[in-house]
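Throughout the sequence shown, residue numbering follows UniProt numbering, covering 1 to 218 in sequence. We put the CB at the ideal spot given by N, CA and C, even for glycine. Please read these numbers as outputs of a predicted model, since none were measured by experiment. Have a look at the structure below before the remarks.
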Amino acid sequence: MIEISQHTQNIIGSRDAIAALETKDHARLLIISDSHGRYPVFESIVRDYGAKCDALIFCGDGVSDVATLLYKQKIDEKLAECVPPVIAAVRGNCDPSSYPLDKGSLYFSELIELKVNGRGILVTHGHNQGVDFGLETLGLEMQVSECSTAFYGHTHIAHEDTFKNFKIVNPGSCARPRGGQPAGFAIATVEKTFVDIAFIKMTLKNDGTTECSLWSPY
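See below:
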């Protein structure tokens with residue numbers, strides 16, 4: 001079960017788990033964005049993929065789903081086993097800055113910088129950087145922060161790009177995809193010298209279940 005405590009930049013997890021992620025070889029990150037209150041979809045992704053990942057990255061617009069996950073995993077042992085030990089979740093333009101949880105509150109920053117396997121990772125929603133119109137501002141923020149990879153949301157369109165040797169990734173929306181894309185998310189494998197991205201689409205089957213499979217947004 002993840003420790004529900006918040007530290008620098010409102011990252012969720014124990015100090016030991018956050019420190020371990022900084023040097024974790026072959027670290028796997030589950031990247032979800034723009035769930036917009038579709039909690040059952042959000043939870044199904046965590047149940048299917050969370051146990052094999054070292055951290056959950058949430059790129060905004062749906063922090064209520066993160067809060068609900070943390071509440072439910074306290075009373076659902078099987079779900080708790082699927083929640084990664086570290087969660088880096090930022091708020092989007094449709095999110096509040098805090099959300100109630102039991103007797104306290106969870107707080108969500110607009111931008112998080114964290115270390116994974118020695119590499120700097122920047123997480124933001126993207127509306128403040130004008131990602132609807134281009135990635136230049138986000139790329140400049142990466143240069144200032146010395147992060148080599150950024151994850152963002154907001155556009156609801158899965159995308160992977162480079163900006164002056166920086167990797168910039170949008171996992172797409174798991175609930176409200178745009179641009180003719182399927183609903184989906186992504187998994188990043190963080191190595192010492194590179195970051196590999198796998199995009200995963202979600203397809204609703206005739207029996208009402210969801211099938212997940214690899215796909216390319218290009």
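{"Asked": "Bounding residues of the alpha helix (DSSP H) (the contiguous stretch that carries Ile75)", "Found": "From DSSP, Ile75 is part of no alpha helix (DSSP H); its letter is neither H nor E."}
{"Asked": "Cβ neighbour criterion (16 or more within 10 Å) applied to Phe108", "Found": "buried"}
{"Asked": "The stretch 126 to 136 in contact with the stretch 12 to 32 per 3-pair CB rule at 8 angstroms", "Found": "no"}
{"Asked": "Spatial neighbours of Lys164 in its chain, beta-carbon cut-off 8 angstroms, leaving aside the 5 residues before and after", "Found": "Gly139, Gln143"}
{"Asked": "Neighbourhood of Tyr39 by C-beta distance below 6 angstroms, restricted to the same chain and skipping five residues each side", "Found": "Asp65, Thr68"}
{"Asked": "Inter-stretch contact (C-beta, 8 angstroms, three-pair minimum) for the stretch 89 to 102 and the stretch 176 to 184", "Found": "no"}
{"Asked": "Contacts around Gly37, its chain only, beta-carbon distance under 7 angstroms, and the 5 residues preceding and following it disregarded", "Found": "Gly62, Ser64, Asp65"}
{"Asked": "Distance between beta carbons of Asp161 and Leu135, contact taken as under 8 angstroms", "Found": "6 angstroms"}
{"Asked": "Delimiting residues of the beta strand (DSSP E) encompassing Glu160", "Found": "159 to 163"}
{"Asked": "Assigned secondary structure, Pro100 (DSSP; H/G/I helix, E/B strand, else coil)", "Found": "strand"}
{"Asked": "Integer Cβ distance of Pro171 from His156, believed to fall under 8 angstroms", "Found": "In fact, because the Cβ distance is near 10 angstroms, the residues do not count as touching under 8 angstroms."}
{"Asked": "Nearest-angstrom Cα separation, counted from Ile4 out to Pro100", "Found": "13 angstroms"}
{"Asked": "Burial state of Glu22, where buried means 16 or more other Cβ atoms lie within 10 Å", "Found": "exposed"}
{"Asked": "Which of helix, strand or coil DSSP assigns to Phe194", "Found": "coil"}
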